[in-house]
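Visitor: Take 0 as the starting number for the sequence shown in numbering that gives the first Met the number 0 and just add one per residue. Pasting a structure here, questions to come.
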Amino acid sequence: MADTQPWTEMRYVFIVTYARSGSTLLQSLMNACPGVQIRGENNNTLFHLFKAIQSVEGTRVFGRHPQTKAPDEPWFGSFNVRPRLFETAAINNFVRNVLTPDPGTEVSGFKEIRYNRSFIQKADFAPYMDYLLAKFPGARIVFNTRAAVDVAKSSFLARERPEQVYSWVAEADANFTQYQATSDRTILMRYDEYTSDHTKVHALLDFLGLTWDAGMVERVFAKPLAHAKPV
């Protein structure tokens with residue numbers, strides 16, 4: 000992406016999920032579409048920016064009090080804080096230096112697995128989803144789920160107590176389902192369904208407004224993922 004290109008020149012897709020859910024398959028399917036570049040995980044960087052923006056907005060509130068204008072006041076200078084400029088620069092910086100979309104990218108975004116209570120409090124989940132949809136042009140959110148028993152048996156999660164994994168999955172699934180019911184710019188995908196019925200993927204790609212064909216979809220399904228053993 001050229002240094003002068005703002006984040007508003009692309010559309011965005013966010014894959015919201017958890018570990019060992021099959022989300023890399025969805026990422027691969029989207030990336031097979033022309034003009035699409037969906038990145039992998041970024042350690043929840045955008046969520047931390049969202050919280051930082053909230054903090055800056057809160058700091059600016061203190062600037063309304065006269066006690067913040069003297070150099071010996073604890074919130075001295077908060078009247079000069081510029082939340083909107085900070086936000087614009089932060090988002091553009093995230094897109095330019097984290098998503099780093101290639102020239103010609105029309106649809107950008109990423110997938111992230113860090114949405115259980117170890118990473119995001121329940122009270123923050125819906126506001127963060129609202130934020131993604133409000134701030135990123137044409138944004139769509141894809142919630143990806145998988146049967147908890149299969150998640151618990153997959154790769155490194157097999158070393159965890161199954162009951163703990165079931166709890167994480169149930170919590171995330173509840174958040175995903177509840178939010179999806181409130182927004183027609185989101186879609187809920189179930190790994191067991193779309194891997195056995197590829198027309199579910201066709202419907203997803205149509206929902207996202209992407210260009211695709213059935214042969215492309217089948218080629219992605221036929222190609223083993225390189226990052227790990229089969230999920």
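Cβ atoms here follow ideal geometry from the backbone N, Cα and C, with glycine treated the same way.
(1) Considering only residues of the same chain and omitting the five flanking positions on each side of Asp212, which have a CB-CB separation below 6 Å?
(2) Between the stretch 95-106 and the stretch 144-153, do at least 3 Cβ pairs fall closer than 8 Å?
(3) Quick check on Ala72: does DSSP put it in helix, strand or coil?
(4) Pop quiz: Gln179 and Thr104 are said to be a contact at Cβ under 8 Å. What is the actual Cβ separation, rounded to whole angstroms?
(5) Would you call the CB atoms of Phe46 and Glu111 closer than 9 Å?
(6) Compute the distance between the beta-carbons of Thr215 and Cys32, then report whether it is under 9 Å.
(7) Would Thr185 and Val141 be called neighbours here (beta carbons separated by less than 9 Å)?
(8) According to DSSP, is Gly214 part of a helix, a strand, or is it coil?
(9) The alpha helix (DSSP H) spanning Leu204 covers which residue range?
(10) Tell me whether the beta-carbon of Ser107 lies closer than 9 Å to the beta-carbon of Arg10.
(11) Note the first and the last residue of the continuous alpha helix (DSSP H) segment covering Phe93.
(12) From Ser20, Ser27, Arg19, pick the residue whose C-alpha is nearest to that of Pro12; which is it?
(13) Could you give the first and the last residue of the continuous alpha helix (DSSP H) run that contains Glu111?
(14) Pull the bridge partners of Met188 from the DSSP assignment, please.
(15) Tell me, to the nearest whole angstrom, how far the beta carbon of Tyr17 is from that of Asn115; I am working on the premise that it is less than 8 Å.
(16) Find the nearest neighbour of Asp196 within the set Glu217, Gln177, Ser182, judged by alpha-carbon distance.
(17) Considering only residues of the same chain and omitting the five flanking positions on each side of Lys199, which have a CB-CB separation below 6 Å?
(18) Need the endpoints of the beta strand (DSSP E) that Tyr178 sits in, please.
(19) Per DSSP, Tyr11 is paired with what?
(20) Would you kindly check if the distance between the Cβ of Phe206 and the Cβ of Arg139 is under 9 Å?
(21) With a 10 Å radius around its C-beta and 16 neighbouring C-beta atoms as the bar for buried, classify Gly39 as buried or exposed.
(22) Name the one or two DSSP bridge partners that Arg38 has.
(23) Going by beta-carbon coordinates alone, are Asn174 and Lys121 separated by less than 9 Å?
(24) Look at the alpha carbon of Ala202 and the alpha carbon of Ser22, and state the distance between them as a whole number of angstroms.
Guide: To lay it out plainly:
(1) Taking the sequence shown and counting its residues from 1, one reaches residue 212 at position 213. Taken in chain order, the list of residues that qualify is empty.
(2) no
(3) Here residue 72 refers to the residue found at position 73 when the sequence shown is read from its first residue. For the sequence presented, residue 72 should be read as Glu rather than Ala. Glu72: coil per DSSP, three-state reduction.
(4) The residue given as residue 179 occupies position 180 in the sequence shown. The residue given as residue 104 occupies position 105 in the sequence shown. Not really, about 26 Å apart at Cβ, beyond 8 Å.
(5) Against the sequence shown, residue 46 aligns to sequence position 47. Against the sequence shown, residue 111 aligns to sequence position 112. It is a contact, given that the beta carbons lie within the stated cut-off.
(6) Position 216 of the sequence shown, counting from 1, holds the residue named residue 215. Position 33 of the sequence shown, counting from 1, holds the residue named residue 32. First, the amino acid is wrong: residue 215 is Met here, not Thr. Yes.
(7) Indexing the sequence shown from 1 puts residue 185 at position 186. Indexing the sequence shown from 1 puts residue 141 at position 142. Their beta carbons are under 9 Å apart, which means Thr185 touches Val141 by this criterion.
(8) Start at 1 with the first residue of the sequence shown, and residue 214 comes out as number 215. Here Gly214 sits in helix by DSSP.
(9) Your numbering for residue 204 matches position 205 in the sequence shown. Element bounds for Leu204: 198-206.
(10) Within the sequence shown, the letter at position 108 stands for residue 107. Within the sequence shown, the letter at position 11 stands for residue 10. Contact: yes.
(11) Position 94 of the sequence shown, counting from 1, holds the residue named residue 93. 82-93 is the extent of the alpha helix (DSSP H) around Phe93.
(12) For the purposes of this step, residue 12 is identified with residue 13 of the sequence shown, where counting begins at 1. Residue identity check: residue 12 is Val in the sequence provided, not Pro. Cα-wise, what sits closest to Val12 is Ser27.
(13) On the sequence shown, residue 111 is found 112 positions in, with the first residue counted as 1. It is not in any alpha helix (DSSP H) - Glu111 instead sits in the beta strand (DSSP E) that spans 106-111.
(14) Walking along the sequence shown from the start, residue 188 turns up at place 189. Answer is Asn143, bridged to Met188.
(15) Indexing the sequence shown from 1 puts residue 17 at position 18. Indexing the sequence shown from 1 puts residue 115 at position 116. That belief holds up - the Cβ atoms of Tyr17 and Asn115 are roughly 6 Å apart, short of 8 Å.
(16) Stepping through the sequence shown from its first residue, residue 196 is reached at position 197. That would be Glu217, whose Cα lies nearest to the Cα of Asp196.
(17) By 1-based counting over the sequence shown, the position of residue 199 is 200. If we look at Lys199 and ignore the five residues flanking it on each side, its Cβ neighbours are Glu192, Tyr193.
(18) Along the sequence shown, one-based indexing puts residue 178 at 179. Per DSSP, Tyr178 belongs to no beta strand (DSSP E); it is in the alpha helix (DSSP H), 161-179.
(19) The count along the sequence shown starts at 1 and reaches residue 11 at position 12. Bridge partners of Tyr11: Ser107.
(20) In the sequence shown, the residue the question calls residue 139 occupies position 140. In the sequence shown, the residue the question calls residue 206 occupies position 207. Closer than 9 Å, so yes.
(21) Working through the sequence shown from its first residue, we reach residue 39 at position 40. Exposed, since its Cβ has fewer than 16 Cβ neighbours within 10 Å.
(22) Along the sequence shown, one-based indexing puts residue 38 at 39. Answer is Phe109.
(23) Along the sequence shown, one-based indexing puts residue 174 at 175. Along the sequence shown, one-based indexing puts residue 121 at 122. Going by C-beta atoms, Asn174 is nearer than 9 Å to Lys121.
(24) If you number the sequence shown from 1, residue 202 lands on position 203. If you number the sequence shown from 1, residue 22 lands on position 23. Cα to Cα, Ala202 sits roughly 16 Å from Ser22.
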